[in-house]
Structures are given as C-alpha cells and as structure tokens.
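Enquirer: Pasting a structure here, questions to come.
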Amino acid sequence: MRPLDVGKNVAVPVSNLDRARANQRNLLGVVMSENDHGIVTVGTKHGVLQTGFLSTQLTPLNQKFIEPSDVPAEQPISIRTASTKESCHGGQGYSRCSCNTGCITNRCVCKRSGNLCSSSCHSAKTCTNK
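Quick note on numbering: the sequence shown equals residues 4 to 133 in the numbering used here.
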C-alpha cells in the first residue's frame, strides 16, 4: 500500500449503484486522516465521507482542488449523498406524476419539487406545468 499524506487531493470512485448515469464516476476529496490499519478518511466539499478507504482504492491527484479546511465537519455523509450534492441533475432516478387535474396544485409531484412535467408524466392529458 502506498501512503497518502494528510491534505493530499484524491479521486474517490463512486459505484454505479450510488450515482446516476450522467454523474461523475469519481468524487474529488482530500485526505483528512489515516489510522494505524491504513484506513483513510476522506473529506469532500460537502462533508466527511463516512466510509473509510484503503489507499489503494483512491487515486492521488497532482493538483490541489480542495483544502482540509474547506471540508465541513458537522456530520459524516455517505458517498451517495455526496454524489447527489455534486450532481447537476439531483442524483439518481427521476420523478413523474400521473395527475388528472392538469398539475395546477402542489399535489402534483413535479410541481411540488419545482420541476416541469415531461412527456413521461402524462403525454395525452393537458398540463399547466410544461
């Protein structure tokens, strides 16, 4: 195992189950600490990842993207949560509604979440949220 220094920027792999297709395959992180067993704690700009990594699972980066002081340390977050926060699309999955009322009120899932209805919601019915 190759040792990683505290403050070294690394790329953390994100599995296909924890990200959407359009999301990045890696998260940018910084090494926060390493314990006696070689488990590395990684922080991202959204928080400290609750999963520990071996140094062989991480790809060291030559450039500095974030500093350890940029990492909020309120509470640990999962890789999926960090990937969702990093995503410009809002993470895995998509929402769709089956409204019969034209998507006028906040009972419509799409309107309540602030998204426009798409063709997969209800293509044949009239909609005010398109």
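Where is the CB? At the ideal position from N, CA and C, for every residue including glycine. Note that this is a predicted model, so its numbers are computed, not measured.
(1) Within the same chain, show all residues whose beta-carbon is closer than 7 Å to that of Asp73, passing over the 5 residues directly before and after it, in chain order.
(2) According to the neighbour-count rule (16 or more other Cβ atoms, all chains shown, within 10 Å of its Cβ), is Ser86 buried or exposed?
(3) Just list the alpha helix (DSSP H) runs in the segment 58-126, keeping only unbroken ones of 4 residues or longer that don't cross its boundaries, in chain order.
(4) What is the C-beta distance between Leu61 and Val33, in whole angstroms, given that I count them as a contact (C-beta under 8 Å)?
(5) If you draw a straight line from the alpha carbon of Gly50 to that of Lys114, how long is it in whole angstroms?
(6) For Val34, report the span of its beta strand (DSSP E) as first-last.
(7) On the DSSP letters alone, give me the boundaries of the beta strand (DSSP E) that Thr131 sits inside.
(8) Which term fits Gly117, buried or exposed, when burial requires 16 or more other beta carbons within 10 angstroms of its beta carbon?
(9) Which residues mark the beginning and the end of the beta strand (DSSP E) in which Thr54 is found?
(10) Restricting to Cα atoms, I'd like to know which of Ser36, Leu52, Ser121 and Ser90 is closest to Gln78.
Expert: According to the structure shown:
(1) One-based indexing of the sequence shown puts residue 73 at position 70. Its chain contains Lys48 as the residues whose beta carbon lies nearer than 7 Å to that of Asp73, once the 5 sequence neighbours on both sides are disregarded; these appear in chain order.
(2) On the sequence shown, residue 86 is found 83 positions in, with the first residue counted as 1. Buried, because 16 or more other Cβ atoms sit within 10 Å of the Cβ of Ser86.
(3) 82-89 and 112-116
(4) Locating residue 61 in the sequence shown gives position 58, counting from the first residue. Locating residue 33 in the sequence shown gives position 30, counting from the first residue. Wrong, their Cβ atoms sit about 11 Å apart, outside the cutoff.
(5) Taking the sequence shown and counting its residues from 1, one reaches residue 50 at position 47. Taking the sequence shown and counting its residues from 1, one reaches residue 114 at position 111. Each residue's alpha carbon lies about 30 Å from the other.
(6) Here residue 34 refers to the residue found at position 31 when the sequence shown is read from its first residue. Counting along the chain, the beta strand (DSSP E) containing Val34 begins and ends at Asn29 to Glu37.
(7) Your numbering for residue 131 matches position 128 in the sequence shown. Taken as a continuous stretch (DSSP letters only), Thr131 belongs to no beta strand (DSSP E), as it is neither H nor E.
(8) Taking the first residue of the sequence shown as position 1, residue 117 is located at position 114. Exposed, because fewer than 16 other Cβ atoms sit within 10 Å of the Cβ of Gly117.
(9) Sequence index remark: in the sequence shown, residue 54 carries index 51 (1-based). Note, Thr54: premise wrong, no beta strand (DSSP E); not H, not E.
(10) Translated into the one-based positions of the sequence shown, residue 78 becomes position 75. Of the candidates Ser36, Leu52, Ser121 and Ser90, the one whose C-alpha sits nearest the C-alpha of Gln78 is Leu52.
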